[in-house]
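Mature numbering (1 follows the signal peptide of the UniProt record, and there is no 0) puts the sequence shown at residues -18 to -1, 1 to 142.
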Amino acid sequence: MKTSNVLVLILVLHYINASTEWPTHTVCKEDNLEIYYKSCDPQQDFAFSIDHCSDITSHTFNIRAAIVLRHSIKELYVKVDLIINGKTVLTYSDTLCEPGHSKLIFCGKKKGEHLYYEGPVTLGIKEIPQGDYTISAKLTNEDHATVACADFTVKNYLEY
């Protein structure tokens, strides 16, 4: 009897762990542009928003992002993949924080601190590509621990 109770408990815990995933959040949904995101970090979700969906088509737009850090940031690396039809077609990576050279104001933040950014972001592209695709972004620290991770789904049918 005890063995069957333990087995049932293990199966229930496995099911709960395997079926838990973060919700899909809407970043914007206007006319011919929809952007959604979902945290791909199994341990943590985060907040992200854009002031106005239509601003994304401009060169620079304002965002808000917030997260509680599970890992300190002495060094921070970003990797971004463009995925179309399940295949990675473009990869970009960069160092955002490193000793003596930091590109972001939150470099050096410690585990447990709240990271909040509100301000302008420049994409460095003139147009958002048309179609349906996924942008997968992952931030890792010097220990290769995930600081934040998200999959953005873009549905863009804007005419430029």
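Every residue, glycine too, gets a C-beta built ideally from N, C-alpha and C.
Asked                                                                                                         : Found
C-beta atoms of Lys61 and Lys120 nearer than 7 Å                                                              : yes
Beta carbon of Leu105 nearer than 7 Å to that of Asn14                                                        : no
Close Cβ partners of Ser1 (< 7 Å) along its chain, the five nearest in sequence each way excluded             : Residue placement at Ser1 is flagged as unreliable, the pLDDT there being 48, under the threshold of 50; the coordinate-derived value follows with that caveat. Same-chain partners within the cutoff: there are none.
Where Ile55 falls: helix, strand or coil (DSSP)                                                               : coil
Within 7 Å, strictly: CB atoms of Ile49 and Phe30                                                             : no
Expected contact under 8 Å - CB spacing of Thr116 and Thr135 to nearest Å                                     : 6 Å
Contacting residues, own chain, Cβ-Cβ under 6 Å from Leu78 (five flanking each side not counted)              : Leu58, Val60, Lys85, Leu86
Under 7 Å between C-beta atoms of Val9 and Ile45                                                              : no
Residues that Ile17 bridges to, as DSSP identifies them                                                       : Cys10, Val136
Ala132 to Lys108 span [Cα, whole Å]                                                                           : 23 Å
Ranges of the beta strand (DSSP E) found wholly within the stretch 26 to 82, counting only runs of at least 3 : 29 to 32, 42 to 50, 58 to 66, 69 to 80
First and last residue of the uninterrupted beta strand (DSSP E) at Gly101                                    : 96 to 104
Through-space distance from Thr42 to His83, alpha-carbon basis                                                : 24 Å
Beta-carbon proximity check, Asp63 vs Thr128, cutoff 7 Å                                                      : no
Residue environment, His53, which counts as buried when at least 16 other CB atoms sit within 10 Å            : buried
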